[in-house]
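Written out below as structure tokens is the structure these notes cover.
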Amino acid sequence: MPNKPSLGLRIAFYIGMLFLHFPIVIIVLYALTTEDRTYQFPPPGLTLRWFGEAFQRQDMWAALWLSLQVAAMATGIALVLGTMVSAAIYRFQFLGKDFITVLLILPIALPGILTGIALLTTFKRLALEPGFWTIVIGHATFCIVTVYNNVVARFRRTGYSQIEASMDLGADWFTTWRRVVLPSIATALLAGGMLSFALSFDEVIVTTFTAADQKTLPIWFLNELFRPRERPITNVVAVFVMLITFLPIVWAQWLTRDTDDLHGGGKTG
Amino acid sequence: MTLRRRFSDALYVRPLFLLLLLLIPPLLWLGIIYLGSLFNLMLYSFYSLNDFTGQVEYRFSLSAFQQLFSSPANVDIVLRTTGMALVVTLACIGIGFPTAYYIAFYTKGSARTFWYLMVLLPLWSSYLIKVYAWRLILAGEGVISWFFNLLGLGWLLQGILSVPVIGGSSLSNSYLGMFLVFTYIWLPYMILPIIAALERVPKSLIQASSDLGARPGQTFRRVIWPLAIPGVAAGSIFTFSLTLGDYIIPQVVGQPGFFIGQMVFIQQGTAGNLPLAAAFSVVPVVIIAIYLLIVRRLGAFNAL
Chain A
4 MPNKPSLGLR IAFYIGMLFL HFPIVIIVLY ALTTEDRTYQ FPPPGLTLRW
54 FGEAFQRQDM WAALWLSLQV AAMATGIALV LGTMVSAAIY RFQFLGKDFI
104 TVLLILPIAL PGILTGIALL TTFKRLALEP GFWTIVIGHA TFCIVTVYNN
154 VVARFRRTGY SQIEASMDLG ADWFTTWRRV VLPSIATALL AGGMLSFALS
204 FDEVIVTTFT AADQKTLPIW FLNELFRPRE RPITNVVAVF VMLITFLPIV
254 WAQWLTRDTD DLHGGGKTG
Chain B
274 MTLRRRFSDA LYVRPLFLLL LLLIPPLLWL GIIYLGSLFN LMLYSFYSLN
324 DFTGQVEYRF SLSAFQQLFS SPANVDIVLR TTGMALVVTL ACIGIGFPTA
374 YYIAFYTKGS ARTFWYLMVL LPLWSSYLIK VYAWRLILAG EGVISWFFNL
424 LGLGWLLQGI LSVPVIGGSS LSNSYLGMFL VFTYIWLPYM ILPIIAALER
474 VPKSLIQASS DLGARPGQTF RRVIWPLAIP GVAAGSIFTF SLTLGDYIIP
524 QVVGQPGFFI GQMVFIQQGT AGNLPLAAAF SVVPVVIIAI YLLIVRRLGA
574 FNAL
């Protein structure tokens, strides 16, 4: 293999990267335009007034608050269940282990619409009223695998001998958990937790089925897409949402730097 | 001995007890809530809707599937969605492979982390925001039209848009536009597994190949590509399955013709026909299963 990439490959690479990032630049640009009805390019003028107007929208704040609550709750559930299942998978050999790993991936491997409609039919059959908890149930289901991926990778790199040493020295399971296991998986938990928070915060497909009339921020955003006026407000919120999801991801990447722990593949549409 | 100590010792002496303690809560969640729901969805596709009351009748019936396949419009929807999923998958391989190849072979250290993050960030930025961005880009007065006009190529864009099937009144009302959005949204899902596959190609194999006199093109075809296939296959499963199930993109960009996901959404919502929605949602699963069989037949999993 040549040591330097060929010109063609270099061009293809930069075009690929441009393609990936150009739309994000466009979002920021259109948050500043003075034109609020059409998608005119280039913008006729630039203004910051939409930032002020967006922050005065009560419905936006309500949606944001609901999204944060849902994401926190779903992440909490996913952290507990994901850590348990990764400990079991790491520590034990048992019948059906492969089945469980497939079961974990299934919610993100199958199209989100399937998870959504499956949960909806079940809630209907059980006569459960859709609302906060049904959204959380849906989100937690596909967040578990994100935590699992990060934590099980960390477990595999820290030998079991440390745990045995702790027990040999007289610590019981609780002390070992608190003093040995937890510190060694802490950053993996944090990274997995932040990724699953970002995943839940952004989820729209499953949520449209489980939310009834509750509006999470992505659902608010979806409704806003079809509004004819004050369009740049949508962009302002978009920029805001991107910051909320970007920072945890960059942080998660930093926490797991020099390792191959970060598993971004857990995200689905 | 305290209770806590006894409990802890019991966990140590009887690992099975610990295993059950760790495994039962997650299994209950995934097994009962998730698998149970999928099973319930399957059941629903075999129920029917009472024509008079509009209520679901909980008795075995094939009427939902009958309804699904008796209408040519529905068959069109299935074909249209599958066709789109295939074309999008091919485009993602076309754009994703060189990008992944560059990152895997020509970057290292902090530059590699940086570029890797540059693939990860679009993947993780909000799905809806990305779709919305394309609505801005593709609009008749948007940046693409502006760019074509700037180059004096406005006629070329009009020409492309007047092509039947892929064209439309503007890019945001055409299948071509929808194709661009799908390709954009799922592209990182293709790049990441290809990077992972290429990173595992032993450098010594490439050296050996060129030592034995292979030209770079030959090395690529005979050594690198076969080893990259599992990554491409994994990526294609994502792009294919995600396109099949999506219902937001066809709603925001593109022509009025329905996609499978939209039909599921409309049937359960405004139409209130859950059995038909359930039957429709079984279709992508069957198509994905067929796709996996074909990919396996092509030998993509042998190298895994």
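Chains as they are written, first to last, in the numbering used here: chain A, 4 to 272; chain B, 274 to 577. Beta carbons are placed, not taken as given, at the ideal position from N, Cα and C, and that holds for glycine. Keep in mind that this is a model prediction, so the values were computed, not measured.
Check, Outcome
"How close, in whole Å, do the beta carbons of TYR457 (chain B) and TRP407 (chain B) come, if the pair is a contact with beta carbons under 8 angstroms?", "7 angstroms"
"How about VAL242 (chain A) and ILE30 (chain A): do their beta carbons lie closer than 9 angstroms?", "yes"
"With distances taken between CB atoms, is the gap from ILE468 (chain B) to ALA373 (chain B) smaller than 9 angstroms?", "yes"
"For a contact defined as C-beta to C-beta under 8 angstroms, what are the partners of GLY534 (chain B) on chain A?", "PRO114 and ILE116"
"Indicate whether at least one CB of chain B lies closer than 9 angstroms to the CB of GLY162 (chain A).", "no"
"Compare the C-beta of ASN323 (chain B) with all C-beta atoms of chain A and state if any pair is closer than 9 angstroms.", "no"
"Under 9 angstroms, Cβ to Cβ, is there at least one residue of chain A near LEU219 (chain B)?", "This structure cannot settle anything about residue 219 (chain B), because the visible part of chain B is limited to 274 through 577."
"For THR86 (chain A) and VAL526 (chain B), I'd like the C-alpha separation in whole angstroms.", "40 angstroms"
"Step through the CB atoms of chain B and report whether any lies within less than 9 angstroms of the CB of GLN72 (chain A).", "no"
"Quick check: what's the CA-CA separation for SER169 (chain A) versus VAL73 (chain A)?", "37 angstroms"
"Could you give the residue range of the alpha helix (DSSP H) that holds THR380 (chain B)?", "Segment: none, THR380 (chain B) is in no alpha helix (DSSP H) and carries neither H nor E."
"From which residue to which residue does the alpha helix (DSSP H) around LYS218 (chain A) run?", "Careful: LYS218 (chain A) lies outside any alpha helix (DSSP H) and carries neither H nor E."
"Determine the closest residue to VAL474 (chain B) out of B:PHE342, B:LEU500 and B:GLN541, with distance taken between C-alpha atoms.", "B:LEU500"
"Taking any Cβ of chain B, which residues in the region 117-140 of chain A have a Cβ under 8 angstroms from it, in chain order?", "LEU117, THR118, ILE120, ALA121, LEU122, LEU123, THR124, THR125, LYS127, ARG128 and ILE140"
"Would you kindly check if the distance between the Cβ of PRO299 (chain B) and the Cβ of ALA91 (chain A) is under 9 angstroms?", "yes"
"Please list, in chain order, the chain B residues whose beta carbon lies closer than 9 angstroms to that of HIS24 (chain A).", "MET391, LEU394 and PRO395"
"With a cut-off of 9 angstroms, does the C-beta of PHE158 (chain A) fall near any C-beta of chain B?", "no"
"If you draw a straight line from the alpha carbon of VAL496 (chain B) to that of SER9 (chain A), how long is it in whole angstroms?", "18 angstroms"
"So, with DSSP's three-state summary, where would you put ILE533 (chain B)?", "helix"
"Mind listing the chain A neighbours of ARG278 (chain B)? Cutoff is C-beta to C-beta under 8 angstroms, in chain order.", "ASP175"
"Is any beta-carbon of chain B found at less than 9 angstroms from that of GLY85 (chain A)?", "yes"
"Please confirm if the region 183-197 of chain A is in contact with the region 91-111 of chain A, defined as three or more CB-CB distances below 8 angstroms between the two stretches.", "no"
"Which same chain residues end up closer than 6 angstroms to PHE338 (chain B) when comparing Cβ atoms and leaving out the 5 residues on each side of it in sequence?", "ALA552"
"Span of the alpha helix (DSSP H) holding LEU424 (chain B)?", "Per DSSP, LEU424 (chain B) belongs to no alpha helix (DSSP H) and is neither H nor E."
"Which class does VAL31 (chain A) belong to by DSSP, given the choice of helix, strand or coil?", "helix"
"To be precise: take each residue of the region 315-346 of chain B, compare its Cβ to all Cβ atoms of chain A, and keep it if any distance is under 7 angstroms. Which residues remain?", "TYR317"
"Nearest to PHE532 (chain B) by alpha carbon, out of B:LEU301, B:SER318, B:TYR448 and B:SER398?", "B:TYR448"
"Starting from the Cα of VAL404 (chain B), find the closest Cα among B:LEU276, B:ILE561, B:VAL558 and B:ASP519 and give me that residue.", "B:ASP519"
"So which residues of chain B does ASP107 (chain A) contact, with C-beta pairs closer than 8 angstroms?", "Checking the displayed sequence, the identity of residue 107 (chain A) turns out to be Leu instead of Asp. Here the neighbours are LEU303."
"For ILE166 (chain A), which residues in the same chain have their Cβ closer than 8 angstroms to its Cβ, ignoring the five residues on either side in sequence?", "THR179, VAL183 and VAL184"
"Short of 6 angstroms in beta carbon distance, which residues of its chain neighbour MET197 (chain A), apart from the five on each side in sequence? Order them along the chain.", "PRO251 and ALA255"
"Name, please, each residue of chain A whose Cβ falls closer than 8 angstroms to the Cβ of TYR457 (chain B).", "PHE22, LEU23 and PRO26"
"Taking only beta-carbon atoms, is PHE290 (chain B) less than 9 angstroms away from chain A?", "no"
"By alpha-carbon positions, which one of A:LEU225, A:ARG181 and A:LEU193 ends up nearest to ARG157 (chain A)?", "A:LEU193"
"I'd like the list of long-range same chain contacts for TRP209 (chain A), defined as Cβ closer than 6 angstroms, with 5 residues on each side in sequence excluded.", "Before going on, a small fix: residue 209 (chain A) reads as Val here, not Trp. These residues qualify, in order along the chain: GLY115, THR118, GLY119 and GLY141."
"Look at the Cβ atom of ILE548 (chain B), then the Cβ atom of GLY534 (chain B), and state whether they are nearer than 9 angstroms.", "A quick correction: the sequence has Pro, not Ile, at residue 548 (chain B). No, they are not a contact pair."
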